[in-house]
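Asker: Its first residue numbered 1, the sequence shown is counted upward by one per residue in UniProt numbering. We put the CB at the ideal spot given by N, CA and C, even for glycine. Once you've had a glance at the structure underneath, I'll fire off some questions.
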Amino acid sequence: MNTVGGVEQLIPDSVSTSFIETVNGSHQFTIKGYSLAKGMSPGKFIQSDVFSVGGYDWAIYFYPDGKNPEDQSLYISLFIALASDSNDIRALFELTLMDQSGKGKHKVHSHFDRALEGGPYTLKYKGSMWGYKRFFRRSALETSDYLKDDCLVINCTVGVVRARLEGPKQYGIVLPLSNMGQGLKDLLDSEVGCDIAFQVGDETYKAHKLILAARSPVFRAQFFGPIGNNNVDRIVIDDIEPSIFKAMLSFIYTDVLPDVHEITGSTSASSFTNMIQHLLAAADLYDLARLKILCEVLLCEKLDVDNVATTLALAEQHQFLQLKAFCLKFVASPANLGGTCCIYFLVFSVCTFICLYRLSCVFHVSTRVFLR
1 MNTVGGVEQL IPDSVSTSFI ETVNGSHQFT IKGYSLAKGM SPGKFIQSDV FSVGGYDWAI
61 YFYPDGKNPE DQSLYISLFI ALASDSNDIR ALFELTLMDQ SGKGKHKVHS HFDRALEGGP
121 YTLKYKGSMW GYKRFFRRSA LETSDYLKDD CLVINCTVGV VRARLEGPKQ YGIVLPLSNM
181 GQGLKDLLDS EVGCDIAFQV GDETYKAHKL ILAARSPVFR AQFFGPIGNN NVDRIVIDDI
241 EPSIFKAMLS FIYTDVLPDV HEITGSTSAS SFTNMIQHLL AAADLYDLAR LKILCEVLLC
301 EKLDVDNVAT TLALAEQHQF LQLKAFCLKF VASPANLGGT CCIYFLVFSV CTFICLYRLS
361 CVFHVSTRVF LR
């Protein structure tokens, strides 16, 4: 017991809550050729396709001449029936004859609005029905906006009653974030189990063939392909700078771009862009799809008058179509360039870089020279 304001209050040892709610769903049933259905005789019906709500099957039954003979076909009858082999299913229903004039004046008979009066309706067995024998006078229907082009549209909503129980959680274990990337980065830094070394300029980087092959189709072909060499233990890299190769290795192991400013030793925007350009070229060389997209996104974010020429030339050289389109859109906007002279100079620069790139392909000159 606990006392609050002089009143003893019971503190329970445990608690639970029961939630009683409905699982709702609806079905629209269209009847075309209504006039041909007249004269079927009372008790004859047109049935909708079976639909599912709350784990049970249902069907709509439309009686064009009414359900009961004593009504002398003066009314149409409309019912919803349980079509599952189940017992004592409690549910709420709503049957609507749709106004086809666009005025929204639908004819609605809803059990949802009257649920507090008598509670949900219980369907005892398969074939049990809920609805109205005298849903609408037929003479009124045939001169109303509910009938259009000899067509009727009926909408039925079913709300199956469900109860669920919630009790206290007996434990609260916090799921930690994945640290797989950090674990693989630690493995790379420790050089434990490394079976391949890359000589990049004056630097040597060790790695694991299986991890490289899992991440890069190029490495996979190089080490394990039909013409690859799994016995190689040292590879010389001539066309990538050491810092770029190191950053690419880090991404392969962690799937995260390393701190560019830490690698370049500079905080300038130009150094950042220059490295991302080189990293994009390396990602293309080793077919690292995610790294390519990441670099393209960063270059688009940092695009300005000072780097659009080299970025466009790079996009042209490697056929990065999205990056190329973004650069061309940037160049086409006078607001980005700030003057006629600047526009002419920029166009000249872009053309120059593209020509240099194409010459580098013909004469097999390293493209690093043009990105400096």
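Is the Cβ-Cβ distance between THR311 and CYS295 less than 8 Å?
Answerer: No.
Asker: In whole angstroms, what is the alpha-carbon distance linking residue 374 and ASP186?
Answerer: Since the first residue shown for the chain is 1 and the last is 372, residue 374 is missing from the structure and cannot be characterised.
Asker: Check TYR320 in the structure and name its three-state DSSP category.
Answerer: At residue 320 the sequence reads Phe, which differs from the Tyr that was named. Three-state result, PHE320: coil.
Asker: Kindly list the residues whose CB is nearer than 6 Å to the CB of PRO69, restricted to its own chain and excluding five residues on each side of it in sequence; keep chain order.
Answerer: Contacts found: PRO42.
Asker: Three-state secondary structure (DSSP) at PHE29?
Answerer: PHE29 falls in the strand class under three-state DSSP.
Asker: Kindly list the residues whose CB is nearer than 6 Å to the CB of THR273, restricted to its own chain and excluding five residues on each side of it in sequence; keep chain order.
Answerer: Hits under 6 Å: LYS302, ASN307.
Asker: Tell me which residues share the same chain as LEU216 and place their Cβ nearer than 8 Å to its Cβ, disregarding the 5 neighbours each side in the sequence.
Answerer: It should be noted that the sequence gives Ser, not Leu, for residue 216. Taken in chain order, the residues that qualify are ILE252, TYR286, ASP287, LEU288.
Asker: Return yes when the C-beta of GLY193 is under 7 Å from any heavy atom of the ligand FAD, and no when it is not.
Answerer: The model on display carries no ligand, and the ligand FAD is accordingly not part of it.
Asker: Is it buried or exposed, MET180, if we count other Cβ atoms within 10 angstroms and call 16 or more buried?
Answerer: Result: exposed.
Asker: I'd like to know whether the C-beta of ARG138 is nearer than 8 Å to at least one C-beta of chain D.
Answerer: Given the protein chain composition of this structure (a single chain), no chain D is represented.
Asker: Is the beta carbon of ILE31 sitting closer than 8 Å to the one on LEU123?
Answerer: Taking 8 Å as the Cβ cut-off, ILE31 and LEU123 do not qualify as a contacting pair.
Asker: Quick check: the Cα distance between residue 379 and HIS27, rounded to an integer number of angstroms?
Answerer: Here the chain has residues from 1 to 372 only, and residue 379 is not among them.
Asker: Less than 8 Å between the CB atoms is what I'm expecting for LEU82 and ILE154, so what's the real figure, rounded?
Answerer: That pair is no contact at about 18 Å.
Asker: Between SER178 and LYS126, how many whole angstroms is the CB-CB distance? I'm expecting something under 8 Å.
Answerer: No, SER178 and LYS126 are not in contact; Cβ-Cβ is about 49 Å, not under 8 Å.
Asker: Helix, strand or coil, according to DSSP, for ALA207 in the structure here?
Answerer: Reduced to three states, the DSSP call for ALA207 is strand.
Asker: Does SER190 come out as helix, strand or coil in the three-state DSSP assignment?
Answerer: Here SER190 sits in helix by DSSP.
Asker: Between ILE276 and VAL260, how many whole angstroms is the CB-CB distance? I'm expecting something under 8 Å.
Answerer: With 8 Å as the limit, ILE276 and VAL260 qualify as a contact, their Cβ atoms being about 7 Å apart.
Asker: Looking at the unbroken alpha helix (DSSP H) that takes in HIS278, where does it start and where does it end?
Answerer: It spans 269-285 - the alpha helix (DSSP H) in which HIS278 sits, taken as one unbroken run.
Asker: Taking the beta strand (DSSP E) that PHE198 belongs to, which residues open and close that run?
Answerer: PHE198 -> beta strand (DSSP E) spans 196-200.
Asker: Can you pull the DSSP bridge partners for ILE11?
Answerer: None; ILE11 has no bridge partner.
Asker: I'd like to confirm the pairing. Which residues does DSSP put opposite GLU21 in its beta bridges?
Answerer: In the DSSP output, where bridge partners are listed per residue, GLU21 has ARG162.
Asker: What is the DSSP secondary structure of ALA83, counted as helix, strand or coil?
Answerer: Three-state result, ALA83: coil.
Asker: Would you call the segment 228-237 and the segment 183-201 touching, i.e. three or more CB-CB distances under 8 Å?
Answerer: Yes, the segment 228-237 touches the segment 183-201.
Asker: My guess is that TYR61 and MET129 are in contact by the Cβ rule of under 8 Å, so how many angstroms apart are they, rounded?
Answerer: About 7 Å; that satisfies the 8 Å criterion.
Asker: If you count every other CB in all the chains shown that lies within 10 Å of the CB of THR22, and 16 or more means buried, which is it?
Answerer: With 16 or more Cβ atoms within 10 Å of its Cβ, THR22 is classed as buried.
Asker: In the DSSP assignment, find the beta strand (DSSP E) that holds MET129 and state where it starts and stops.
Answerer: 129-137 is the extent of the beta strand (DSSP E) around MET129.
Asker: Using three-state DSSP, classify GLN182 as helix, strand or coil.
Answerer: GLN182: helix per DSSP, three-state reduction.
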